[in-house]
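Protein chains in written order, with the working numbering: chain A, 16 to 299; chain B, 409 to 687.
All residues carry an ideal CB built from backbone N, CA and C; glycine is no exception.
Let me begin by presenting the structure, written as structure tokens, before commenting on it.
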Amino acid sequence: MDAYLWLAPCLILLILFVLMPVLEVFRMAFSKISPANLLKEFGTLENFQYLFRQKVFGRVILNTAIWTVAIVGISIVLSIILALVLNEKFKGRAFHRTVLLLPWATSLLITSAAWKYILNTEYGALNALLLKLGLIKKAINYLGDPVSAFTWMIIVGIVVTIPFMTFTLLSGLQSISEDYYEAAVIDGANFWDKLFKITLPLLRPSINVTIVLNVIYVFNSFAIVNTITAGAPANQTHTISTYLYYLAFNKNKYGASAALSLVSFVILSIFAVIYMKTQMKEET
Amino acid sequence: MPGRKKHKLGRVFLYLFAWLTSLFILYPYIVMFLGSLKDLQTMYRIPGTLLPEVWHWENYVNIWKDIPLLTYFKNSFIVAVFGTALCIVCAVPGAYALARMNFPGKKTLMSLIVMTQMFSPVVLMVGIYRAMSNFGLANSLVGIVLLVAAFNQAFAVWLLSGTFATISKELEEAARIDGCNKLSAMIRIILPLAAPGIVTAMTFVFIAGWNEYTLALILIGDSSLKTINLGIRAFFGYTGTEWWYVFAASILATLPILGFFRILERHLTGGLTAGGVKG
Chain A
16 MDAYLWLAPC
26 LILLILFVLM
36 PVLEVFRMAF
46 SKISPANLLK
56 EFGTLENFQY
66 LFRQKVFGRV
76 ILNTAIWTVA
86 IVGISIVLSI
96 ILALVLNEKF
106 KGRAFHRTVL
116 LLPWATSLLI
126 TSAAWKYILN
136 TEYGALNALL
146 LKLGLIKKAI
156 NYLGDPVSAF
166 TWMIIVGIVV
176 TIPFMTFTLL
186 SGLQSISEDY
196 YEAAVIDGAN
206 FWDKLFKITL
216 PLLRPSINVT
226 IVLNVIYVFN
236 SFAIVNTITA
246 GAPANQTHTI
256 STYLYYLAFN
266 KNKYGASAAL
276 SLVSFVILSI
286 FAVIYMKTQM
296 KEET
Chain B
409 MPGRKKHKLG
419 RVFLYLFAWL
429 TSLFILYPYI
439 VMFLGSLKDL
449 QTMYRIPGTL
459 LPEVWHWENY
469 VNIWKDIPLL
479 TYFKNSFIVA
489 VFGTALCIVC
499 AVPGAYALAR
509 MNFPGKKTLM
519 SLIVMTQMFS
529 PVVLMVGIYR
539 AMSNFGLANS
549 LVGIVLLVAA
559 FNQAFAVWLL
569 SGTFATISKE
579 LEEAARIDGC
589 NKLSAMIRII
599 LPLAAPGIVT
609 AMTFVFIAGW
619 NEYTLALILI
629 GDSSLKTINL
639 GIRAFFGYTG
649 TEWWYVFAAS
659 ILATLPILGF
669 FRILERHLTG
679 GLTAGGVKG
């Protein structure tokens with residue numbers, strides 16, 4: 016049929032370069048793999064057993080959950096405020112908008128490299144600044160303990176998430192007709208009435224789209240953690256994606272890495288199902 | 409008047425929030441800029457330094473001689489340009505079919521395509537590594553181009569089918585009556601009208617290609633095939649990272665994208681809502 020012909024290029028690309036890797040991941044997860052990366056004996060659960068035996072496995076899953084919820088949650092609140100601010104006319108608005116494009120235009124590796132340098136204890140820029148301002152007496156080791164290191168990486172994650180969110184919400188705001196507000200003012204509505212009864216409800220579709228997309232992006236995000244701590248100290252700051260990389264390319268455990276890929280598919284699928292259920296509930 | 413006072417307070421908050429956010433975002437860029445002008449001694453002084461003691465502007469000249477930056481730029485350019493071209497060429501007809509034609513399995517196919525968005529290259533890394541080795545495309549830029557095109561299909565198809573759906577059917581039918589077939593109707597009527605959406609999609613894929621890091625990290629070994637991010641990554645030696653070159657290279661790599669973004673800002677978000685929220 017005609018339509019399939021039109022779809023063919025797109026489908027061929029997806030089958031060869033997305034579906035094939037997915038199938039390879041499945042095969043590897045359930046196979047014994049020789050150190051030379053050859054597949055032997057399909058149908059073993061050894062890789063999963065190895066994965067679940069790792070002491071840090073629970074930590075990795077918990078970290079990923081905290082990572083995703085904290086970054087998306089805090090970013091969406093800040094982005095809504097920022098979008099409302101940038102939707103107003105004020106002096107310097109064009110400047111602030113350009114600044115906001117910066118993290119979006121910069122590769123995650125570059126941003127992460129900059130923060131790795133900033134947070135360095137001995138010669139890092141943040142300690143240098145705080146010491147000079149007299150705000151601290153001696154250098155702080157930001158990346159020394161897991162909690163502090165992970166918190167800082169979440170902050171970096173928020174900085175790189177806000178631009179895309181804010182611009183999506185801004186375009187949503189711009190599609191809201193002025194008429195609503197004019198009518199509301201006549202009815203004597205104040206700022207908060209307008210915000211909660213007009214703006215936010217009408218912004219709902221944009222908010223939903225940006226939350227879903229960013230949950231997926233942030234869940235899968237790799238460069239920040241891989242560059243700044245690479246899981247250190249003691250593998251305590253890994254998320255699923257950096258632990259996957261660590262298992263495969265540092266420990267040569269391709270099978271266990273593939274098994275963890277499947278675990279992450281399951282988690283994202285659960286999210287997808289929950290999301291679709293709530294969407295359907297809202298629509299009826 | 410109480411109303412006025414409240415209004416003023418709102419303005420103060422507005423300026424404060426905008427400036428605090430901007431300063432926080434700009435901070436790493438200021439650090440990178442100052443760092444790119446430092447030398448070895450200033451860079452590693454303890455405690456750290458804020459400003460370079462001597463402003464080494466020549467770092468921006470020497471970097472081209474000391475590291476193969478031009479090769480890195482060329483490779484990233486190849487990945488971004490060909491990845492974008494291939495991605496859009498495949499996504500446009502697909503999105504058009506999904507937006508405009510009726511055929512069995514259409515809804516399922518659309519959800520399946522969009523679902524591939526969930527598979528980030530990061531999660532599939534071991535599978536990608538194996539599949540690309542089987543194809544003989546590991547350690548090649550062609551492989552990266554194909555993967556960039558494939559992993560951005562979902563987004564491009566989703567955005568473009570939303571754009572096509574907003575174009576009136578009558579226009580197309582009129583063109584058909586005038587003797588155009590489906591293909592020429594699409595090229596003459598639909599594509600020009602869909603231009604904003606196409607520009608948005610192209611911009612996103614181009615940036616994704618230019619900033620691509622994970623795929624190159626997994627697949628590229630040859631230093632002559634390294635992209636910018638991989639080149640910058642290579643600087644993180646075990647001892648004594650040459651931070652001034654890391655930052656100079658980073659700034660040089662970011663500037664063209666920022667210029668590009670500034671020009672296209674309007675298209676970026678406009679196209680996104682047209683495709684996203686309605687589609």
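Assign residue i to buried or exposed, taking buried as 16 or more other Cβ atoms, counted over all protein chains shown, within 10 Å of its Cβ.
{"i": "A/F234", "result": "buried"}
{"i": "B/N510", "result": "exposed"}
{"i": "B/S484", "result": "buried"}
{"i": "B/V469", "result": "exposed"}
{"i": "A/K131", "result": "buried"}
{"i": "A/E197", "result": "exposed"}
{"i": "B/R670", "result": "exposed"}
{"i": "B/G570", "result": "buried"}
{"i": "A/R219", "result": "exposed"}
{"i": "B/G418", "result": "exposed"}
Starting from the beta carbon of residue i, find every residue of chain A whose beta carbon is closer than 7 Å, and list them in chain order.
{"i": "B/G456", "result": "Y138, G139, A140, N142, A143"}
{"i": "B/T524", "result": "L29, V33"}
{"i": "B/T662", "result": "A120, T121, I125"}
{"i": "B/T429", "result": "L97"}
Starting from residue i and walking both ways along the beta strand (DSSP E), at which residues does that stretch end?
{"i": "A/F41", "result": "Looking at the DSSP string, A/F41 is not in any beta strand (DSSP E); the run it does join, the alpha helix (DSSP H), is 35–44."}
{"i": "A/L54", "result": "54–57"}
What residues from chain A crowd round residue i, counting only those whose CB sits closer than 8 Å?
{"i": "B/F669", "result": "L116, W119, A120"}
{"i": "B/T622", "result": "F237, A238"}
What residues from chain B crowd round residue i, counting only those whose CB sits closer than 7 Å?
{"i": "A/E39", "result": "G535, R538, A539"}
{"i": "A/I5", "result": "An answer regarding residue 5 of chain A cannot be provided, because it is not within the stretch 16 to 299 covered by chain A."}
CA-CA distance, residue i and residue j?
{"i": "B/G491", "j": "B/T611", "result": "12 Å"}
{"i": "B/K686", "j": "A/Y19", "result": "With a pLDDT of only 38 at B/K686, under 50, the local geometry of the prediction cannot be trusted, and no value is derived from it."}
{"i": "A/T214", "j": "B/T608", "result": "26 Å"}
{"i": "B/I454", "j": "A/N142", "result": "10 Å"}
{"i": "A/L99", "j": "A/H111", "result": "13 Å"}
{"i": "A/L184", "j": "A/I95", "result": "7 Å"}
{"i": "A/W119", "j": "A/L93", "result": "16 Å"}
{"i": "A/F67", "j": "A/I231", "result": "24 Å"}
{"i": "A/N156", "j": "B/P460", "result": "23 Å"}
{"i": "B/F572", "j": "B/V565", "result": "10 Å"}
{"i": "B/P410", "j": "A/S90", "result": "A caution first: B/P410 carries a pLDDT of 45, below 50, which makes its placement in the model too unreliable to give a value."}
{"i": "A/W21", "j": "B/Y504", "result": "8 Å"}
{"i": "A/L101", "j": "A/I222", "result": "16 Å"}
{"i": "A/G58", "j": "A/N52", "result": "17 Å"}
{"i": "A/A129", "j": "B/C588", "result": "55 Å"}
{"i": "B/Q525", "j": "A/Q251", "result": "28 Å"}
Quick check on residue i - is its C-beta less than 8 Å from some C-beta in chain A?
{"i": "B/Y452", "result": "yes"}
{"i": "B/G418", "result": "yes"}
{"i": "B/A593", "result": "no"}
{"i": "B/R596", "result": "no"}
{"i": "B/M509", "result": "yes"}
{"i": "B/F527", "result": "yes"}
Is residue i near the ligand MN, in the sense that its beta carbon is under 7 Å from a heavy atom of that ligand?
{"i": "A/L31", "result": "Absence of the ligand MN is noted for the structure shown, with no ligands found whatsoever."}
Just reading off the alpha helix (DSSP H) that residue i is part of, what are its end residues?
{"i": "B/R508", "result": "477–508"}
{"i": "B/D474", "result": "467–474"}
{"i": "A/D194", "result": "193–201"}
{"i": "A/H253", "result": "Unbroken run through A/H253: none, as it is neither H nor E."}
{"i": "A/L210", "result": "Element bounds for A/L210: n/a, residue is neither H nor E."}
{"i": "A/C25", "result": "17–29"}
{"i": "B/A603", "result": "603–618"}
{"i": "A/H111", "result": "108–120"}
{"i": "B/A539", "result": "533–543"}
{"i": "A/S163", "result": "161–189"}
{"i": "B/L555", "result": "549–559"}
{"i": "A/F237", "result": "First-last for A/F237: undefined, no H or E at that position."}
{"i": "B/M523", "result": "514–523"}
{"i": "A/E137", "result": "Note, A/E137: premise wrong, no alpha helix (DSSP H); not H, not E."}
List, in order along the chain, the chain B residues whose C-beta lies closer than 8 Å to that of residue i?
{"i": "A/P24", "result": "V497, C498, P501, G502"}
Please tell me whether residue i has its Cβ less than 8 Å away from any Cβ of chain B.
{"i": "A/T244", "result": "no"}
{"i": "A/E197", "result": "no"}
{"i": "A/I151", "result": "no"}
{"i": "A/L146", "result": "yes"}
{"i": "A/W21", "result": "yes"}
{"i": "A/Y269", "result": "yes"}
Would you mind telling me which residues of chain B sit closer than 9 Å to residue i, beta carbon to beta carbon, in chain order?
{"i": "A/H253", "result": "Near A/H253 there are no residues of chain B at all, since even the closest Cβ is about 13 Å away, more than 9 Å."}
{"i": "A/L259", "result": "V530, V531, M533, V534"}
{"i": "A/M43", "result": "V534, G535, R538"}
{"i": "A/F105", "result": "R419, L422, Y423, A426"}
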